[in-house]
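In my numbering, the protein residues as written are 30 to 148. Idealized CB from N, CA, C, for every residue including glycine. The structure appears right after this line, and notes come after that.
In structure tokens:
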């Protein structure tokens, strides 16, 4: 596994994409449903921060993989990581979020599987 220079508990989009592509990360999008439907990372899971804050359980990451959280810009994913860690679940977030993911030209699809947008 590569060494990540980003701050502890945070990954940049290139690092997150690498882990996800190599199937060593579960990518969890914590944006709201309207945002998810407009554009999300193909293969990512969805659990809005509002539901997580209300007590919903996050999906576990298989042994040897990481739970990586993403939102639009990074603020909500940081809050979600804090909540999960308080509950004993190890997780990291993606700096720059979906805005940076799109800026880097990484794949995004809408609810119908067509090219998506980040709102």
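Bounds of the alpha helix (DSSP H) holding residue 81 are 78-82. Taking the Cα of residue 57 as reference, the smallest distance to any Cα among 111, 141, 106, 115 is reached at 106. Remark: C-beta atoms of residue 139 and residue 89 do not approach each other more closely than 8 Å. A residue is called buried when at least 16 other Cβ atoms come within 10 angstroms of its Cβ; residue 119 does not meet this threshold and is exposed. Taking C-beta atoms as the reference points, residue 147 and residue 74 fail to come closer than 8 Å. Close CB contacts of residue 112 within its chain, under the 7 Å cut and outside five residues either way in sequence, are with 81, 82 (chain order).
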